[in-house]
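As structure tokens, the structure follows; a few thoughts come after it.
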Amino acid sequence: MHTFPPQHRDDIPSLTIVVPCYNEEEVFAFCVAELKSLLKRAIEEKKITAQSHILFVDDGSRDKTWSLIKQAAQTDNLVHGIRLSRNRGHQIALMAGLSCAETNISVSIDADLQDDTACIPKMIEKYMEGNEIVYGVRSDRSSDSFFKRWSANSFYKLMEVMGIQQVANHADFRLLSRRALHSLLQFEEQNIYLRGMIPLLGYRSTQVFYARKERCAGESKYPFYKMLSLAIEGITSLTIKPLRLISLLGAFTCLISILISIFVVVQKFYGHVLLGWASVEISIFFLGGVQLLCLGVIGEYIGKIYMETKHRPKFFIQDKI
Numbered sequence: 001m002h003t004f005p006p007q008h009r010d011d012i013p014s015l016t017i018v019v020p021c022y023n024e025e026e027v028f029a030f031c032v033a034e035l036k037s038l039l040k041r042a043i044e045e046k047k048i049t050a051q052s053h054i055l056f057v058d059d060g061s062r063d064k065t066w067s068l069i070k071q072a073a074q075t076d077n078l079v080h081g082i083r084l085s086r087n088r089g090h091q092i093a094l095m096a097g098l099s100c101a102e103t104n105i106s107v108s109i110d111a112d113l114q115d116d117t118a119c120i121p122k123m124i125e126k127y128m129e130g131n132e133i134v135y136g137v138r139s140d141r142s143s144d145s146f147f148k149r150w151s152a153n154s155f156y157k158l159m160e161v162m163g164i165q166q167v168a169n170h171a172d173f174r175l176l177s178r179r180a181l182h183s184l185l186q187f188e189e190q191n192i193y194l195r196g197m198i199p200l201l202g203y204r205s206t207q208v209f210y211a212r213k214e215r216c217a218g219e220s221k222y223p224f225y226k227m228l229s230l231a232i233e234g235i236t237s238l239t240i241k242p243l244r245l246i247s248l249l250g251a252f253t254c255l256i257s258i259l260i261s262i263f264v265v266v267q268k269f270y271g272h273v274l275l276g277w278a279s280v281e282i283s284i285f286f287l288g289g290v291q292l293l294c295l296g297v298i299g300e301y302i303g304k305i306y307m308e309t310k311h312r313p314k315f316f317i318q319d320k321i
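For the sequence shown, the UniProt record's numbering assigns the number 1 to the initial residue and increments by one for each residue that follows.
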């Protein structure tokens with residue numbers, strides 16, 4: 001099988017930087033200033049066209065985020081904004097922004113500026129070399145707490161065991177070409193986990209590495225319970241391995257039950273009476289817990305099927321500027 005080198009591009013691309021925002025009034029001024037400076041410099045250096053811009057997506061914020069976006073857009077053509085009718089979560093807000101991008105390439109980045117904006121020119125260079133997807137990947141996690149490092153590593157290992165293709169230490173900082181974005185928007189499911197969906201596109205991709213910075217202002221919008229919820233979303237929306245594991249667990253439990261039954265019959269045949277009240281009680285509670293856990297996993301999948309069959313729109317745009 002032959003592999004072909006990437007085809008270098010000659011035309012200067014237009015760029016949309018998509019920034020989902022939820023209650024980001026404290027960090028917004030820093031974010032817009034840094035991204036505007038980056039865009040102006042890239043335009044002057046002729047790395048991107050003058051039609052490039054930043055697209056802020058207000059995900060139903062309850063603070064002054066939308067008014068700040070409007071104010072910035074009214075004073076600078078580099079700033080655009082859309083406002084969702086209500087809070088829909090980071091992944092859907094990101095999809096809403098990407099669906100409005102009409103440029104050659106789009107880069108998604110969070111408003112907290114923890115991802116290194118200096119990687120964006122490098123991503124553009126990788127695109128010009130012929131790549132359709134460029135992932136921003138953390139080079140190390142030394143700045144994280146022990147618990148965060150442990151939970152993140154456990155998360156990636158669990159995803160790998162479950163058969164989900166994703167790039168380790170990559171969040172949602174990435175570049176997509178217009179072709180890759182058009183393909184992504186053809187996914188119609190309600191349950192979105194972009195880190196696992198984008199590798200499914202199969203286009204030529206590469207990575208750029210960076211060290212993540214501290215959040216410059218405001219509070220993190222991804223506490224532990226939200227990260228756990230995202231992990232469950234990723235597993236149940238991209239793989240059916242948990243259902244297969246339930247089947248294997250059921251088969252293993254049946255095998256153990258058969259062996260115990262044979263043991264009891266043999267013991268009774270030889271006149272040995274097993275009192276075993278405690279072991280019976282433990283078995284009942286154990287099997288009851290296993291059954292409830294299995295029903296919960298099955299219910300999670302059934303709930304997702306239920307939501308998918310409704311074919312509801314993922315979001316509504318209330319305002320655009």
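Quick reminder that beta carbons are idealized off the backbone N, C-alpha and C, glycines included.
Measuring alpha carbon to alpha carbon, tell me which of 55, 119, 195, 182 ends up nearest residue 84.
55
Taking 7 Å as the threshold (C-beta atoms), are residue 39 and residue 106 in contact?
no
Mapping the DSSP letters down to three states, classify residue 213 as helix, strand or coil.
coil
Do the CB positions of residue 57 and residue 93 come within less than 7 Å of each other?
yes
If you follow the beta strand (DSSP E) that residue 20 is in, where does it begin and where does it stop?
Its beta strand (DSSP E) spans residues 15 to 21.
I need the DSSP call for residue 205, collapsed to helix, strand or coil.
strand
Grab the span of the beta strand (DSSP E) containing residue 135 for me, first residue to last.
133 to 138
Using the Cα positions of residue 204 and residue 255, report the straight-line distance between them to the nearest angstrom.
47 Å
Take the Cβ of residue 319 as the centre, count every other Cβ of all protein chains shown within 10 Å, and call the residue buried at 16 or more, exposed below.
exposed
Suppose you measure from the CA of residue 243 to the CA of residue 66; what does that come to, to the nearest Å?
42 Å
Verify whether the separation of the beta carbon atoms of residue 137 and residue 169 is less than 7 Å.
Taking the C-beta atoms as reference points, residue 169 is found nearer than 7 Å to residue 137.
Rounded to a whole number of angstroms, what is the C-alpha to C-alpha distance between residue 63 and residue 21?
If you take the alpha carbons of residue 63 and residue 21, they lie about 11 Å apart.
Cα separation between residue 5 and residue 88?
Note on residue 5: pLDDT 49, under 50, position unreliable in the model; no value is reported.
Taking residue 109 and residue 209 to be in contact with their CB atoms under 8 Å, please state how far apart those CB atoms are, rounded to whole angstroms.
With a Cβ gap of about 15 Å, residue 109 and residue 209 do not count as contacting.
Is it buried or exposed, residue 229, if we count other Cβ atoms within 10 angstroms and call 16 or more buried?
exposed
With distances taken Cα to Cα, identify the nearest neighbour of residue 314 among 302, 321, 191.
Measuring from the Cα of residue 314, the nearest candidate turns out to be 191.
Thinking residue 214 and residue 114 are a contact (beta carbons under 8 Å), I'd like their distance in whole angstroms, please.
7 Å
Output yes or no for whether 7 Å exceeds the beta carbon distance between residue 199 and residue 165.
Contact annotation: residue 199 and residue 165 have beta-carbon atoms nearer than 7 Å.
Return the CA-CA distance between residue 13 and residue 302, expressed in angstroms with no decimal places.
In a straight line, the C-alpha of residue 13 is about 43 Å away from that of residue 302.
Give the range of the beta strand (DSSP E) segment to which residue 107 is assigned.
105 to 108
Does the Cβ of residue 27 have 16 or more other Cβ atoms within 10 Å, making it buried, or fewer, making it exposed?
buried
Near residue 291, what residues of its chain come up, given a Cβ to Cβ distance below 8 Å and the 5 sequence neighbours on each side ignored?
If you ignore the 5 residues before and after residue 291, its C-beta comes within less than 8 Å of no other C-beta in its own chain.
Between which two residues does the beta strand (DSSP E) harbouring residue 60 extend?
Here residue 60 belongs to no beta strand (DSSP E), and DSSP marks it neither H nor E.
Short check: CB of residue 31 to CB of residue 111, under 7 Å?
yes
Check for me: the beta strand (DSSP E) holding residue 43 runs from which residue to which?
Premise fails: residue 43 lies in the alpha helix (DSSP H), 25 to 44, not in any beta strand (DSSP E).
Span of the beta strand (DSSP E) holding residue 101?
Per DSSP, residue 101 belongs to no beta strand (DSSP E) and is neither H nor E.
How many whole angstroms separate the CB atoms of residue 35 and residue 48, which I take to be in contact at a CB cut-off of 8 Å?
Not a contact, Cβ separation roughly 12 Å.
Give the DSSP-derived three-state secondary structure of residue 67 in the structure shown.
helix
My guess is that residue 206 and residue 310 are in contact by the Cβ rule of under 8 Å, so how many angstroms apart are they, rounded?
That belief does not hold up - the Cβ atoms of residue 206 and residue 310 are roughly 38 Å apart, past 8 Å.
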